[in-house]
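The structure appears right after this line, and notes come after that.
Residue numbers (the numbering used here), protein chains in the order written: chain A, 6 to 678; chain B, 6 to 678.
Here it is in structure tokens:
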């Protein structure tokens with residue numbers, strides 16, 4: 006594995022890799038040929054491959070018509086895959102690279118597409134030009150459902166942004182784009198049968214049916230299914246703006262601007278609701294060809310049902326078990342409609358009930374327990390708990406979550422087969438077209454790897470190394486996760502000297518937004534969809550690379566019993582930079598309200614850096630590190646760990662480790678001599 | 006001027022600015038209304054204004070229908086401008102901003118467009134949110150012709166790249182896009198009458214007529230004329246690939262891949278050439294509505310004419326003055342054709358001859374002398390000498406070039422009127438879709454200011470301060486000059502640690518490509534259009550901000566007789582960073598051939614930094630700085646000043662200043678005490 010580790014920057018790691026010797030030169034003479042089965046999708050994929058190889062190397066690549074026996078890379082696909090991509094289709098391929106040429110063989114298109122992406126990742130810069138390492142890769146995914154959900158309802162996400170994210174999904178071999186299309190805050194699809202839905206429920210921000218067909222075709226070209234979600238019966242305020250008659254309370258309704266769980270819900274006791282849903286789902290079932298149709302089903306708070314005597318009477322009259330029973334009643338009728346239109350129903354884990362037919366799919370946002378429970382009952386499931394990109398977890402934390410972990414680990418082999426995979430979820434309360442890429446990437450690549458690669462591939466250090474390489478490559482696809490950060494910081498800074506801007510950058514590089522639902526919890530006023538997302542908390546990546554690398558240095562230093570002088574010097578240089586940064590930033594904080602908001606955090610950084618230097622001095626040169634000293638330094642760190650401006654100062658924890666190590670009784674309390 | 010300097014980041018600086026008190030708040034409630042004349046162009050401009058204001062602030066702006074009396078910004082235009090924009094149309098406007106509102110008044114659309122751009126630049130981040138300073142601006146351009154030429158022939162430039170550069174031109178109030186469309190290396194326009202021109206002369210890389218009409222409309226919406234150039238009779242190899250019968254030597258011809266001046270030229274003695282040009286120019290005159298039509302006329306080396314006995318006989322028979330006389334004969338017939346199709350001929354300064362009619366326009370690439378000479382003879386002219394963006398000059402150097410400078414300064418007022426302005430020129434030997442933005446921007450803004458603002462606005466320090474603010478804003482228009490640098494460096498580095506990549510960045514930040522025609526002169530093999538542009542020399546900006554700022558620090562330090570301790574400390578920190586950078590970069594140089602190429606320059610940086618530190622030590626603490634010391638340190642600097650990898654190490658000159666100051670007899674030879 007060591008050779009593989011140092012040479013290959015593949016992500017996701019393939020099922021099997023065997024290193025060859027030497028490498029294949031990649032230059033402007035590079036050619037690709039399709040042998041065996043050929044179709045428009047493969048041709049298109051080859052053209053995109055050549056274009057992307059050109060961008061990734063800066064070489065002038067042209068799609069040259071190449072004879073199958075002479076091309077540098079020969080793609081041999083046996084046959085087409087299904088015209089509408091299906092769950093569980095063979096996605097395997099074999100990629101062989103020698104010093105003289107390369108080949109991809111695959112049973113169908115899907116494997117061919119994956120093999121091309123793997124080849125792109127194999128290409129690296131070497132002392133002698135661009136090369137692809139000689140290798141034999143036999144690859145197939147661990148799970149057949151590897152998805153990314155994007156919530157395009159809370160904030161509308163323009164098509165070009167979706168397209169570049171689908172390009173990113175292709176690069177990491179994800180195969181399901183779950184399109185969250187309706188919410189309290191917006192209804193985003195043109196309905197020709199019920200135009201009031203999009204006309205009144207979207208503020209003009211919706212996708213036309215032609216645009217949707219275009220995006221589905223775009224995804225299919227990249228081996229990606231599109232599963233639409235219309236969330237029912239809750240999360241539905243926007244539907245009722247045009248159609249208050251389907252709600253459980255009298256209207257009128259307006260598009261919701263706030264975030265949270267709201268009362269409006271469809272009226273399950275109203276026959277007209279089912280007639281409407283039959284027609285609406287019939288229309289959407291034709292628009293979205295995928296076999297799966299997601300109906301949401303989550304977070305119905307039941308308040309409108311409680312308040313409606315007619316509905317309560319219905320519950321009693323039908324002997325239903327309260328609101329939960331009413332929702333089950335609704336779900337069963339809904340499932341019948343979905344099924345009538347030829348689709349399998351997918352729902353969030355609230356919909357799980359043993360009386361529903363076994364072809365439905367459960368998407369668990371509440372944990373592996375409910376997924377395991379569903380599998381035991383015979384239902385298929387996909388995991389999203391642990392994969393919520395909006396919560397700001399580190400890539401490593403997402404990476405550690407396994408669809409077959411926790412409760413699912415104890416399932417029988419047959420039950421495990423029902424765990425289809427997982428989906429990363431990008432809920433969009435604090436996400437818009439500008440910053441969404443940086444909320445999805447590069448962390449989504451860690452989830453993609455978890456869903457594709459063998460379970461035993463799980464070293465976070467190796468994952469990060471590869472993720473950073475991939476992250477840079479993704480910018481060539483048009484993703485903006487890296488450069489929008491700089492661009493947004495410049496906006497925050499306004500007219501600034503180089504020194505001032507660098508100071509802002511140094512601070513921003515080591516802070517992260519508060520985690521989980523911390524933005525709601527720390528907000529001074531309730532957030533709405535009208536609020537600008539132009540603050541430091543909106544611009545920064547959700548995971549700080551600089552802070553993680555500092556933390557690794559601190560761990561390494563402490564693990565060396567604080568004897569590693571080189572690392573000690575690196576830590577010292579970093580701490581001095583941070584300590585002196587605040588003085589450079591404060592003039593800017595006087596001029597820009599958006600910088601002013603982080604001024605306290607900047608002072609905190611200076612403070613913890615000084616504390617860290619005090620610890621380092623003690624570790625390297627000795628000194629008084631008694632309890633009083635420790636308490637004093639730790640108080641500085643604790644104060645700095647309180648979120649300010651909705652930001653967390655990430656190096657604080659590592660500095661506490663240095664203090665702990667330096668203090669009397671700490672790991673390295675004895676000074677080095 | 007001091008208040009204006011500190012508060013306003015306008016570029017170009019308006020003709021007249023009067024500061025008001027306070028500022029206008031810019032928030033999501035901002036509205037724009039068109040009062041007075043309204044048309045599709047103004048409506049479109051208002052919509053783009055709102056969109057851009059949203060991007061520039063991150064505020065959720067929507068184009069709200071606003072009542073003229075209540076809107077935050079009211080645009081009052083008297084009447085439409087010409088349907089085909091003409092040279093010398095009124096472009097003036099008045100922009101008034103108070104604490105409660107803003108207005109733009111202009112005689113026509115063009116002034117309205119300019120006023121909107123000025124308002125966008127007025128918006129800045131303040132302690133209390135985004136604001137526009139209260140101000141009265143009365144503005145009109147100094148010159149009526151403010152152009153940017155882009156050579157789309159040597160390297161093809163895709164339409165989206167042209168569009169975003171036209172957006173950039175609008176931002177700096179340039180009003181002529183000069184589209185260089187034919188060259189030895191390519192013929193880039195679809196000709197329906199002579200399809201072999203583009204089919205055989207472009208490798209498939211040409212603009213269709215529909216695309217051209219689209220781009221002309223796009224430019225017009227932004228107040229920009231489009232002047233096409235078809236270079237004749239030289240620079241014409243690509244024409245002859247499809248039409249060898251018009252050349253002065255027998256074919257066949259192939260598209261040229263090398264750079265330079267080549268032999269192929271039209272045969273001025275062949276009547277069929279004029280018949281062809283009449284038809285071709287007739288077709289193009291309809292496609293391009295502008296009144297000006299550029300025919301090139303530069304750099305005919307005459308070799309094909311010399312070698313063709315028939316042509317030499319023609320020269321003798323017609324009593325022409327050699328090849329120059331022959332070209333004049335050609336030009337006169339060409340001028341007749343251009344004129345017949347309703348256009349004024351524009352040509353490079355070689356075409357100047359007193360026997361040509363006075364309506365032609367001379368574009369001088371050879372200097373103000375020929376421009377002044379033309380003006381004296383009654384011809385109008387535009388200056389491009391001094392504005393060649395590809396030569397890698399600093400913005401300050403371009404900025405110092407004035408169309409009415411040098412020989413033109415001595416012209417009579419009437420003659421001066423004939424100097425219409427100037428054009429920045431982006432020749433594309435080393436430019437492609439990827440790096441072109443960084444070759445044009447931000448330096449082009451300095452030229453734009455020279456052509457718009459009063460002649461006395463010429464302080465380079467102030468210009469740089471404003472240019473850097475503008476530069477960041479331009480990225481919101483989609484220009485890639487900043488982020489493509491980072492993206493390309495990451496490609497050069499490949500898989501690299503943060504420390505390694507930062508080391509590459511630190512080096513790249515202080516080097517510049519060799520100047521003028523240095524790339525040809527230092528090339529190890531002749532460059533061609535097939536060569537990749539993926540090296541450090543292709544990725545870096547053409548002007549190093551870090552090196553300029555270091556040089557300013559060194560100047561400031563020496564000017565303080567080396568007593569300014571704060572600056573001394575800054576210089577020291579910078580020199581230590583540079584000195585220690587090489588060790589961090591070398592591991593990467595072992596792995597990437599593209600980094601290896603700059604390894605020697607990296608060592609040079611370490612060397613000059615050490616020399617600088619030696620000088621600084623002597624200046625701050627005393628020491629032996631005798632002739633031997635000076636010779637030794639200077640030798641290090643001189644060695645480092647030799648280009649390597651086609652790069653110049655920019656801080657070397659400033660470090661030499663420190664050495665000079667420190668040496669016996671130097672400015673600050675006495676150590677500080």
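Heads up, the beta-carbon is just placed ideally off N, CA and C, and yes, glycines get one too. The structure displayed is predicted, hence computed values, not measured ones.
- Taking the beta carbon of residue 481 of chain B as reference, the chain A residues within 9 Å of it are 492 and 496, listed in sequence order.
- The stretch 431-445 of chain B makes no contact with the stretch 402-417 of chain B: fewer than 3 CB pairs, one atom from each, lie closer than 8 Å.
- Annotated as proximal: residue 221 of chain B and residue 293 of chain B, with beta-carbon spacing under 8 Å.
- Residue A:610 holds the alpha-carbon nearest to the alpha-carbon of residue 584 of chain A among A:606, A:569 and A:610.
- Along the stretch 128-143 of chain A, the positions whose C-beta sits under 8 Å from a C-beta of chain B are 129, 130, 131, 132, 133 and 134, read in chain order.
- For residue 299 of chain B, the enclosing beta strand (DSSP E) stretches over residues 297-301.
- Chain B places no beta carbon closer than 8 Å to that of residue 486 of chain A, leaving this residue out of the contacts.
- Judged by their CB atoms, residue 398 of chain A and residue 370 of chain A are not nearer to each other than the 8 Å cut-off.
- Not a single C-beta of chain B is nearer than 8 Å to the C-beta of residue 582 of chain A.
- In the displayed model, residue 179 of chain A falls within coil according to three-state DSSP, outside both helix and strand.
- A distance of 8 Å or more separates the beta carbons of residue 281 of chain A and residue 290 of chain A.
- The stretch 140-154 of chain A makes contact with the stretch 91-98 of chain A, as at least three CB pairs between them are under 8 Å.
- For the stretch 495-525 of chain B, the set of positions with a beta-carbon nearer than 8 Å to some beta-carbon of chain A reads 495, 496, 497, 498, 499, 500 and 503 in chain order.
- Chain A has a Cβ within less than 8 Å of the Cβ of residue 595 of chain B.
- One finds 500 in chain A with Cβ atoms closer than 8 Å to the Cβ of residue 14 of chain B, taken in chain order.
- Cβ contact annotation for residue 615 of chain A (same chain, cutoff 7 Å, sequence separation greater than five): 584, in chain order.
- In the same chain as residue 256 of chain A, and ignoring 5 residues on each side of it, the C-beta atoms closer than 7 Å to its own belong to 245 and 249, in chain order.
- For residue 342 of chain B, same chain residues with a beta-carbon under 6 Å away, outside a window of 5 residues either side, are 282, 283 and 286 in chain order.
- Put simply, the backbone Cα of residue 49 of chain A is about 11 Å away from that of residue 56 of chain A.
- In this structure, the CA atom of residue 489 of chain A is about 13 Å from the CA atom of residue 479 of chain B.
- Considering only beta carbons, no part of the stretch 389-406 of chain A lies closer than 9 Å to chain B.
- The three-state secondary structure of residue 188 of chain B, taken from DSSP, is strand.
- Interface flag for residue 177 of chain A against chain B is unset, since no Cβ pair is found closer than 8 Å.
- Take the alpha-carbon of residue 135 of chain B and the one of residue 464 of chain B: they are about 28 Å apart.
- For residue 648 of chain A, the nearest beta carbon of chain B is not closer than 8 Å to its own beta carbon.
- Between residue 447 of chain B and chain A, the shortest Cβ-Cβ separation is not below 8 Å.
- From the listed residues B:128, B:430 and B:239, the smallest Cα separation to residue 104 of chain B is found for B:128.
- Rounded to whole angstroms, the Cβ separation of residue 157 of chain B and residue 186 of chain B is 6 Å, and the two are in contact under 8 Å.
- Scanning chain A for C-beta atoms nearer than 8 Å to the C-beta of residue 61 of chain B yields 496, reported in chain order.
- Measuring C-alpha to C-alpha distances from residue 312 of chain A to each of A:268, A:533, A:340 and A:326 identifies A:268 as the nearest.
- In the DSSP assignment, residue 154 of chain A is bridged to A:183 and A:430.
- Residue contact with chain B for residue 535 of chain A: present (Cβ-Cβ distance below 8 Å to some residue of chain B).
- By the beta-carbon neighbour count (other beta carbons within 10 angstroms, threshold 16), residue 560 of chain B is exposed.
- Closest in alpha carbon position to residue 407 of chain A, among A:418, A:420 and A:392, is A:392.
- For residue 110 of chain B, the enclosing beta strand (DSSP E) stretches over residues 107-113.
- For residue 475 of chain B and residue 497 of chain A, the gap between their C-alpha atoms comes out near 14 Å.
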